[in-house]
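Asker: Below is a structure I'd like to ask you about.
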Amino acid sequence: MRYLLLSDVHSNIEALDACLEVAQGKHDQAVCLGDLVGYGPNPNEVIEKVRGLTQVIIRGNHDKACCGLDDASEFNPFARLATQWTREALTPEHIEYLRSLPTGPKMMESFILVHGSPVDEDEYILGPGQALPLLRGPETQIVCYGHTHYQGGFMLTPTGRFQSVRFPSKPDGLTLTLPLENSARYLINPGSVGQPRDGDRRAAFAILDMDKAQVEYYRVQYDLATTQAKMKQAGLPEPLYRRLELGR
Ligand code: ZN
1 MRYLLLSDVH SNIEALDACL EVAQGKHDQA VCLGDLVGYG PNPNEVIEKV RGLTQVIIRG
61 NHDKACCGLD DASEFNPFAR LATQWTREAL TPEHIEYLRS LPTGPKMMES FILVHGSPVD
121 EDEYILGPGQ ALPLLRGPET QIVCYGHTHY QGGFMLTPTG RFQSVRFPSK PDGLTLTLPL
181 ENSARYLINP GSVGQPRDGD RRAAFAILDM DKAQVEYYRV QYDLATTQAK MKQAGLPEPL
241 YRRLELGR
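Using our numbering, you'd call the opening residue of the sequence shown number 1 and step up by one each time.
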């Protein structure tokens with residue numbers, strides 16, 4: 001099986017469409033690691049599209065806040081404003097849909113899906129401090145996570161060495177193929193489709209190929225100007241559409 005890993009789409013339909021076009025024919029099943037909505041201008045369109053694509057979706061912190069299951073008090077002021085805007089933009093059906101999304105971890109064939117981390121859906125796995133205890137823990141060999149909007153991940157090699165996934169060069173399309181060793185353990189982040197924060201403005205996704213035992217990381221250009229224009233038109237805070245062009 002080849003799994004298309006999508007995370008942190010954040011209501012950005014242009015970025016989602018660009019990723020799906022490149023991913024077409026390269027996967028057997030799509031899965032989503034949460035944060036369908038929040039920040040961007042097209043929450044309803046993104047929910048419709050992802051829902052039509054897969055039933056394997058776990059919720060993210062923004063999904064939780066935008067459907068009223070969380071009061072967004074932990075969010076910064078701009079994220080809170082976008083949450084309020086999204087609540088008003090969502091159809092009642094889509095609010096219900098977000099409320100019904102399951103919490104991770106979700107067990108798959110031989111890996112697990114989480115939004116933040118296996119122990120806390122809101123935890124950020126940013127470096128060895130969070131990654132090492134998880135890699136040494138009893139969980140499945142491969143954990144796919146999102147939430148940080150950083151493409152890459154971490155591994156513990158068969159000799160017990162900790163490594164982060166590095167990208168030597170980043171042309172458009174397939175940027176890195178990571179072979180999965182049987183005796184190593186992995187935390188895999190496909191990156192954010194709709195709001196990358198790793199210094200690369202291009203939309204991010206990954207394909208987990210269990211037959212070839214490898215992860216393929218992708219970066220894709222999308223029509224950023226259209227997304228920004230829609231956000232401006234909608235009255236969403238300027239820093240939120242500026243950050244899309246910075247990738248931060
Ligand atoms: Zn997110």
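Even glycine gets a Cβ: it sits at the ideal position worked out from N, Cα and C.
Please report how far the alpha carbon of N189 lies from the alpha carbon of G235, in whole angstroms.
Answerer: Sequence index remark: in the sequence shown, residue 189 carries index 189 (1-based). Sequence index remark: in the sequence shown, residue 235 carries index 235 (1-based). Their backbone Cα atoms lie some 31 Å apart in a straight line.
Asker: Is N44 helix, strand or coil by DSSP?
Answerer: Locating residue 44 in the sequence shown gives position 44, where the first residue counts as 1. Reduced to three states, the DSSP call for N44 is helix.
Asker: Nearest by alpha-carbon distance to T54: which of I125, S7, A82, E93 is it?
Answerer: Walking along the sequence shown from the start, residue 54 turns up at place 54. Residue S7 is the option with its Cα nearest to T54.
Asker: Cα-Cα, which of G52, K49, E45, S100 is closest to D63?
Answerer: Mapped onto the sequence shown, residue 63 falls at position 63. With distances taken between Cα atoms, D63 lies closest to S100.
Asker: Which class does E74 belong to by DSSP, given the choice of helix, strand or coil?
Answerer: Position 74 of the sequence shown holds residue 74. Coil at E74, not helix or strand.
Asker: Please confirm whether P41 and T86 have their CB atoms less than 7 Å apart.
Answerer: The sequence position of residue 41 within the sequence shown is 41, counting from 1. The sequence position of residue 86 within the sequence shown is 86, counting from 1. Their beta carbons are not under 7 Å apart, which means P41 does not touch T86 by this criterion.
Asker: Hey, quick one: how far does the beta strand (DSSP E) through R2 stretch, first residue to last?
Answerer: The residue labelled residue 2 in the question sits at position 2 within the sequence shown. Looking at the DSSP string, the run of the beta strand (DSSP E) that includes R2 is 2-6.
Asker: Taking only three categories from DSSP, how would you classify A206?
Answerer: Counting from one through the sequence shown, the residue named residue 206 turns up at place 206. DSSP places A206 in strand when its eight states are reduced to three.
Asker: Using 7 Å as the threshold, is the C-beta distance between I47 and K106 below it?
Answerer: By one-based count along the sequence shown, residue 47 stands at place 47. By one-based count along the sequence shown, residue 106 stands at place 106. Going by C-beta atoms, I47 is not nearer than 7 Å to K106.
Asker: Is D8 near ligand 1, with its Cβ less than 6 Å from a heavy atom?
Answerer: Within the sequence shown, the letter at position 8 stands for residue 8. It does: the Cβ of D8 is within 6 Å (strictly closer) of some heavy atom of ligand 1.
Asker: R202: buried (16+ other C-beta within 10 angstroms of its C-beta) or exposed?
Answerer: Locating residue 202 in the sequence shown gives position 202, counting from the first residue. Looking at its Cβ environment, which holds 16 or more other Cβ atoms inside 10 Å, R202 is buried.
Asker: Quick check on DSSP: helix, strand or coil for Q233?
Answerer: As a first step, residue 233 must be located in the sequence shown, where it is residue number 233. If DSSP states are grouped into helix, strand and coil, Q233 belongs with the helices.
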